[in-house]
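Notes for the one structure printed next.
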Amino acid sequence: MEFISNLASGFMGLFQAGGETFTSWVTGIIPTIVCLMVAVNSVIKIIGEEKVTVFAQKCTSFRLGRYVLLPVMAAFFLGNPMMYSFGRFVEEKYKPAYYDSAVSFCHPITGLFPHANAGELFVFLGIADGITKLGLSTSGLALRYFLVGVIVIFIRGVVTEIIYTKMSNKA
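For this note's numbering, count along the sequence shown from 1 and bump the result up by 6.
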């Protein structure tokens, strides 16, 4: 009988933990994202949607712009997860590759610009702790991490674009 009682308690505990997580999102990240969305959309309206769209389309008319410039700007100005909204300026056929580039840049930017992905800062800080214990500066690490990240997101974007194009042509 105690086993059934413990099982029922554990089952309800699972849903209570889910409810606590949901509540933390409602009082934490969701209002932040909504405020960011309002701010970004307001800036776009002030500048003019046509001007922003033309600028973004110029950026995305070449691979380096699509898979480096736009994701880096989005990560710097908006941070994770709002950075994915810049995908709206990318042509439909390039959106999977843009997303791959953007999501791959979440970690490399945190060393230089922690605001871009504060939730993942622990990864950089863990590595930086080891560097600090060796008596080395973390500035060089952050810069290398950023530059390698830029190279990787470009490669991932191009490769994903090629794969997506081949797969969509077969369909």
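Heads up, the beta-carbon is just placed ideally off N, CA and C, and yes, glycines get one too.
From a predicted model like this one, the values you see are computed outputs, not experimental measurements.
Three-state secondary structure assigned by DSSP to residue i
i	result
GLY34	coil
PHE111	coil
THR59	helix
ASN12	helix
SER48	helix
THR29	helix
PHE95	helix
MET88	helix
MET43	helix
PHE68	coil
MET7	coil
GLY54	coil
Classification of residue i by the beta-carbon crowding that lies within 10 angstroms, buried from 16 upward
i	result
ASN123	buried
ILE115	buried
ALA103	buried
PHE95	buried
ILE36	exposed
MET89	buried
GLY54	exposed
LEU140	exposed
SER174	exposed
LEU199	With the chain running from 7 to 177 in the structure shown, residue 199 is simply not present.
Residue i, enclosing alpha helix (DSSP H) - first and last residue
i	result
ARG162	144-176
LYS139	127-139
LEU118	Segment: none, LEU118 is in no alpha helix (DSSP H) and carries neither H nor E.
ALA80	76-84
Expected contact under 8 Å - CB spacing of residue i and residue j to nearest Å
i	j	result
LYS99	GLY93	Not confirmed; about 12 Å, so no contact.
VAL58	SER91	Actually they do not touch by this definition, with Cβ atoms about 12 Å apart.
PHE160	LEU70	7 Å
CYS65	ASN86	Not really, about 20 Å apart at Cβ, beyond 8 Å.
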